Amino acid sequence: MKNVVIRFCGDSGDGMQLTGNMFSSLSAILGDEISTLPDFPAEIRAPQGTLGGVSGFQVNLGQGVYTPGDKADVIVAMNAAALKVCVMNKLFHDHAIIIVDTDTFTKVDLEKAQYKTDNPFEELAIKESVQIVPVALTSLTKESLKDSGLDNKSILKSRNMFALGLVCWLFDRPIDKAIHFLEEKFQKKPALIPNNVKVLTDGYNYGQNLALNVIHLDRSAEGIWSMDRSAEGKNKHTLIAGNKATAWGLIAAAQRCGKRLFLGSYPITPATDIMHELAGRKDMNVMVVQAEDEIAGVCTAIGASFAGDLACTSTSGPGLSLKSEAIGLAVMAELPLVVIDVQRGGPSTGLPTKTEQTDLLQAVYGRNGECPVVVMAASNSANCFDYAYRACKIALENMTPVILMTDTYLANGSSVWQIPQLAELPEICPQTVPEELKGQYNPALRDSHSIRYWAIPGMEGFEHRNIGLERDAQTGVISTKPDNHEQMVRARQAKIDQIVEQLPLLEVQGNAQSDTLLVGWGSTEGHLRAAANELNCALAHLNYINPMPKNTAEVMKRYKRVIVCELNTGQLATILRSRVSDVVFEQYNEIQGQPFSVERIVEWVRK
Amino acid sequence: MEAQEFKSNQYVRFCPGCGDHAILAALTKAMAQIGVPTHETVVISGIGCSSRMPHYLNTYGFNTIHGRGGAIATGVKTSHPELTVWQMSGDGDCLAIGGNHFIHEIRRNVNLNICLFNNRIYGLTKGQYSPTSPKGFVSKSSPFGTVERPFVPAELVMGARGTFFARTLDVDMPTAVDCMVKAHQHKGASVIECLVNCVIFNNGTHSWIADRETRAERSIVLRHGEKMIFGKDNDKGLALDYTNRLIPRLIVVAADDERVLVHDAHEQDPTLHRMLALMGQERYENANAEVQDELPIALGVIRDVEAETYDEAVNKQINEVRSQSHAKTFDELTATLEQW
């Protein structure tokens, strides 16, 4: 088998995210390609054992991995509720292996999980082809830790390590690597290490010694387990989550151009990890202000930008709505600003922990007045780094706000990142005012590309007043003159339009000769590549939406059938229809708070 | 330095007779006295009449959006503590739409000088009641009188754990200049409530103390370390009365009474500062009530205490972590990753 999809699921307090992350890292180090999907409820601790409290972590590993997989080959279900959720949501294949903790099927457990009968397996009508592997996880963990002196509650918290040990055995992950990981993870709480290591090892040995009889998984086939990539190229690799990659992209950009990185932000799911990461990076000279609200988050950043820093703000959809007036100010004041929108299900509070691509029109158009900004999107967890870096470059060199779109799926998911050296990254040249303009500077002065010059407080002879009011194109002071306003509106638009020259052309992936073209943007690239491969058709995936690569229309016009696939009701399609004439755009949309199902796309296109 | 150096070449567009003219004049005088050069001075404002101020000053300036001046100024000062940052705001900008930023810049004690122009009206939108308009105040948006209780800015500042509060009056230039200079000297969020007259929409709002004949009787200029004495003939003083009371109250006594208080602006406990700042404020509680003021309205620096500033603390923490850390560059950071 070339790749395997594994899903860990249990109560939101069962440590499924940790287990999944550790297993993924372990596999990535062994050379597997990885794509992960953490899938958790909005409640921090929903009532134990209930359907609402089930937290899942899915990982696809092997070769040719573009997505976390539509359905799992192996399920680890820590309780009766988790098993039921997997069945209800059709989360596994017909030939899947399901490892269940048999200790969690008491009458009370079944009631909490809303089973109607005493026979859950029958009630769920799981197909016979599915292999159920019953393991008394809870009792085995208790047995493992009976001499530890830990209380019952702490012992039960270690069940996930038994499950991890078991899965490590199932997939031949070397136990010593896993132990090493555990030690790293609990570096700050060394007291927890011995017991966790014991349970992990016992889980592993249980699989080995008591001969779990697993028949479908041919572990010896086509070795995906031992591929060693350490010799490949000079760059090293690591597994990185999208939010961390985003944060590090900002750090790299600041260091590349010698500016200090400033983040003004307010906690919001699923963007907060960017702030967490940056708040911990004072060693990199990062300044983080946890502001009093979303508006203050962007406004402190605008203040820092006015004062000469590389300024950013991170948020999610509702926060982007709150920030829109201030983003308009940055447009009018023509200050560099990077706004990161980690999209989630909307509108309003919507689905805070789920993924969606529904902020695109808000990002492109959601402000008063003619208010163009650059809108771009990352398309996998690792390239959040590259696009965050490029967002900074574009903002600093063109004196404009840039909105970078990611989403829950990219933010929480991880993929393999080829670690760059700072010097390899493209140079960043902020539009700082040349010294010759001392004494003659005003904030309306622009270069031949329509880009305004940046003068920073502290520079003598460049004192000026910046404004959110319309300014005179020549003198930079407040102006309400009709002709001037039109001239300024067009100048701000021209500045954004010329950025197209800095963007790579839109590439066609897959079978370019096909007469069908899938079109997508942002986080769906992996799924659309998988779908295009299966359909043997072409794919054009956009990372830049405003402005769009200049060959966009030309690419679209080459195909008989153009299908825009999005996790919304057709926002990119709407934009494309307004910008590309003579192409009939078909739409494929899913709005379920989940990444695409490749299977469903393929089916729909073929129908 | 001369006040003239701080004036920009822009024509000042405040209405003729507006109190903002006087505050602008006081501000340029204060800036000259302070002596920080124009290129190291930044003036941030939101929206409103008072927020036009940056245009008339030859410093770095940023006239931003309604209510957000406080957050933007926080960003400027925190990222660049070497700059002297002023914030110009009004009773609408600061206490209504920008209320959240206002209390948090004070709570954090960001080292800013905040001029809060209080004319008890929205002037630029042509005459609606503001959060400081007295209850019952008739305006375009309250044709039958407001039914809201107003804020007393000083109370809000102290409630937000403010470290500096001064009150000044458009027609009292020396006190205004003095308060601004002291605000600059104070490390932390310094709020100067500038009582200004809106000649068009709320003319005479501060006339109780602004009128030359009665001002000395109806106001007191507080000075740290000096006795609290006021009156045309300096014949009155302020004292605390404990008679039959659990909580004392301020009373007016003869200037030579031994009970007359000495002003201590540096006292950490805000109780007395709050009592002093609230003197005469019942006049603004209710537009229609007959108020028999005995106590004068306090002007000058009422509270001026020390506390660590946010901008200093943030920068200090970064420097401490940096000095102890082995990884300081991006490449050193990536080297710490588990990698293969």
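Protein sequence lines, in the order shown, are assigned to chains A and B.
Number 605 in numbering that gives the first Met the number 0 belongs to position 606 of the first sequence; there are no gaps in the numbering.
Number 253 in numbering that gives the first Met the number 0 belongs to position 254 of the second sequence; there are no gaps in the numbering.
All residues carry an ideal CB built from backbone N, CA and C; glycine is no exception.
Everything numeric in this text was worked out from a predicted model, so none of it was measured.
* Asked: Where does Lys559 of chain A sit, in a helix, a strand or coil, going by DSSP?
  -> coil
* Asked: Of all Cβ atoms in chain B, is any one closer than 8 Å to the Cβ of Thr116 of chain A?
  -> no
* Asked: What do you get for Glu623 of chain A, buried or exposed, if any count of 16 or more other CB atoms within 10 angstroms of its CB means buried?
  -> Because chain A here runs from 0 to 606, residue 623 of chain A falls outside it and cannot be looked at.
* Per DSSP, the bridge partner or partners of Pro133 of chain A -> A:Val99
* Start and end residues, alpha helix (DSSP H) containing Cys298 of chain A -> 293-305
* Alpha-carbon to alpha-carbon, Ile28 of chain A and Gly148 of chain A -> 34 Å
* Cβ separation of Val297 of chain A and Ala325 of chain A, assumed to be a contact under 8 Å, to the nearest whole Å -> 4 Å
* C-beta atoms of Ser128 of chain A and Leu238 of chain A nearer than 8 Å -> no
* Close beta carbons around Leu277 of chain A, own chain, < 6 Å, minus the five adjacent residues each side -> Ala246, Leu262, Val285, Val287
* Asked: In or out: Asp175 of chain A buried (at least 16 other Cβ within 10 Å) or exposed?
  -> exposed
* Asked: In whole angstroms, what separates the C-alpha of Gln86 of chain B from that of Gln497 of chain A?
  -> 36 Å
* Asked: In its own chain, which residues sit with a C-beta less than 6 Å from the C-beta of Glu4 of chain B, not counting the 5 before and 5 after it?
  -> none
* To do: Assuming Ala264 of chain B and Val252 of chain B form a contact by the criterion Cβ under 8 Å, report the distance between their Cβ atoms to the nearest whole angstrom.
  => At roughly 21 Å, the Cβ-Cβ gap does not stay under 8 Å, so Ala264 of chain B and Val252 of chain B are not in contact.
* Asked: Which whole runs of the alpha helix (DSSP H) in the stretch 122-204 of chain B are 4 residues long or more, in chain order?
  -> 152-158, 172-184
* To do: Report yes or no: do the stretch 478-490 of chain A and the stretch 419-433 of chain A share at least 3 C-beta pairs separated by less than 8 Å?
  => no
* To do: Just the C-alpha distance for Leu94 of chain B and Pro130 of chain B, rounded to the nearest angstrom, thanks.
  => 7 Å
* 6 Å CB neighbourhood of Asp234 of chain B in its chain, flanking five on each side removed -> Ala254
* Note the first and the last residue of the continuous beta strand (DSSP E) segment covering Ile239 of chain A. => 236-240
* Based on the DSSP secondary-structure assignment, which residues constitute the bridge partners of Trp416 of chain A? -> A:Thr237
* To do: Quick one: which unbroken beta strand (DSSP E) runs of 3-plus residues sit fully inside the stretch 515-588 of chain A? Chain order, please.
  => 515-520, 537-541, 543-545, 560-565, 584-588
* Under 8 Å, do Glu225 of chain B and His185 of chain B count as touching if we go by C-beta distance? -> no
* Asked: Which of the three DSSP states, helix, strand or coil, is assigned to Asn411 of chain A?
  -> helix
* Where does the unbroken alpha helix (DSSP H) through Asp175 of chain A begin, and where does it stop? -> 174-184
* Beta bridge counterpart(s) of Ala310 of chain A as assigned by DSSP -> A:Phe261
* Quick one: grab the DSSP three-state call for Phe116 of chain B. => strand
* Asked: For Arg217 of chain B, which residues of its own chain have a beta-carbon under 8 Å away from its beta-carbon, when the five flanking residues on both sides are left out?
  -> Trp207, Ile208, Gly279, Asp292, Pro295, Ile296
* Asked: Can you name the residues of chain B whose CB is closer than 7 Å to the CB of Cys298 of chain A?
  -> Arg67, Ala70, Ile71, Gly74
* Is it true that the CB of His272 of chain B sits closer than 8 Å to the CB of Glu291 of chain A? -> no
* Select from B:Pro53, B:Glu1, B:Leu82, B:Met30 the residue whose C-alpha is nearest the C-alpha of Gly307 of chain A. => B:Leu82
* Is any beta-carbon of chain A found at less than 8 Å from that of Asn112 of chain B? -> no
* Asked: What is the rounded straight-line gap between the Cα of Arg6 of chain A and the Cα of Phe22 of chain A?
  -> 11 Å
* Closer than 7 Å by beta-carbon distance: list the chain B residues that pair up with Arg451 of chain A, in chain order. => Result: empty, since nearest Cβ-Cβ is about 14 Å, beyond 7 Å.
* Can you find a CB in chain B that lies within less than 8 Å of the CB of Trp224 of chain A? -> Here Trp224 of chain A scores only 34 on pLDDT, less than 50, and its place in the model should not be relied on; the value that follows carries that caveat. Cβ-Cβ to chain B under 8 Å: no for Trp224 of chain A.
* **Distance between beta carbons of Gly51 of chain A and Pro40 of chain A, contact taken as under 8 Å** => 6 Å
* Just confirm the distance between the C-beta atoms of Glu122 of chain A and Lys111 of chain A, as a whole number of angstroms; I'd bet it's less than 8 Å. => Wrong, their Cβ atoms sit about 15 Å apart, outside the cutoff.
* Let me know if Glu598 of chain A comes out buried or exposed under the rule of 16 or more other beta-carbons within 10 Å of its beta-carbon. => exposed
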